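Chains as they are written, first to last, in the working numbering: chain F, 471 to 581; chain A, -9 to 104. Everything on this sheet refers to the single structure shown next.
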């Protein structure tokens, strides 16, 4: 699986959009980008995933660059409950379910 | 659905003791896995299973055994606990639907080995 690089920490003001970057320059054509988050030592929670098109669900939006070497997770209106560690994971072809977690980005939402 | 459940929530062991961490899911998922998370670190894969009767090793399997006799249950056994196994253990499950899917994680078991 491709390696990912994320900033170790970020702050965002409550109510503003939180933009979390991820670099995955060695991603291959059949690898998906996944985002999970972990709130205060709870089990990780799935947020969103994508292959090459931008994706949006009720939690977030995922913007993947055209060359697929980086992506951005967007939380449109951050709340205090979004304070968590966010993991960007690049996963190989479906059928191989293994997730390789890095150390993620610790996002702190500031009141 | 209860989702993924883990027992116990907390456990303290002495070095050399053995124990089993329980994991169950009620979503009829084929894939189940165990991760450990040490302080300040990401999760590391211990063992995984793609269906009843099939298990395989992950990144850090030493000192742990697993079995998968049913679709629902995937217990993790510590054979002879060591202080290096002090960690938080997470179980996860997902369907093997032939397409990318989310994994569902349990709440974790916090294990301390003295």
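Here a beta-carbon is modelled for each residue, glycine too, at the ideal position from N, C-alpha and C. Just so you know, these numbers come straight off a predicted model, no measurement behind them.
Item: Cβ distance (whole Å) where residue 479 of chain F is taken to contact residue 575 of chain F below 8 Å; Value: 7 Å
Item: Coarse secondary structure for residue 74 of chain A, derived from DSSP in three states; Value: helix
Item: CB contact below 9 Å: residue 573 of chain F versus chain A; Value: yes
Item: Given 8 Å, three or more beta-carbon pairs between the stretch 543 to 554 of chain F and the stretch 521 to 533 of chain F; Value: yes
Item: Under 9 Å between C-beta atoms of residue 94 of chain A and residue 25 of chain A; Value: no
Item: Residue range of the unbroken beta strand (DSSP E) whose run includes residue 37 of chain A; Value: 33 to 41
Item: Start and end residues, beta strand (DSSP E) containing residue 519 of chain F; Value: 515 to 520
Item: N-terminal and C-terminal residue of the beta strand (DSSP E) that residue 491 of chain F is part of; Value: 488 to 493
Item: Within-9 Å CB hit, residue 34 of chain A to chain F; Value: yes
Item: DSSP bridge partner residues for residue 55 of chain A (one or two, in chain order); Value: A:67
Item: Residue burial classification, residue 494 of chain F (beta-carbon count within 10 angstroms, cutoff 16); Value: buried
Item: Three or more C-beta pairs below 8 Å linking the stretch 59 to 78 of chain A and the stretch 545 to 555 of chain F; Value: no
Item: Listed by chain order, chain A residues near residue 512 of chain F by CB distance under 9 Å; Value: 95, 97 and 98
Item: Residue 487 of chain F and residue 579 of chain F closer than 9 Å at C-beta; Value: no
Item: Endpoints, the beta strand (DSSP E) within which residue -4 of chain A is located; Value: -6 to -3
Item: Among A:62, A:54, A:47 and A:1, the one whose alpha carbon lies nearest that of residue -9 of chain A; Value: A:62
Item: Beta strand (DSSP E) segment containing residue 15 of chain A, residue limits; Value: 9 to 15
Item: Proximal residues of chain A, C-beta to C-beta of residue 519 of chain F below 7 Å; Value: 90
Item: 8 Å Cβ cut-off: residues of chain F touching residue 80 of chain A; Value: 513 and 514
Item: Straight-line gap, residue 51 of chain A to residue 38 of chain A (C-alpha atoms, nearest Å); Value: 10 Å
Item: The stretch 18 to 43 of chain A: positions lying closer than 7 Å to chain F by Cβ; Value: 21, 31, 32, 33, 35 and 38
Item: Contact with chain F by residue 66 of chain A, beta-carbon distance below 9 Å; Value: no
Item: Residue-level contact to chain F via CB, residue 2 of chain A, 9 Å cutoff; Value: no
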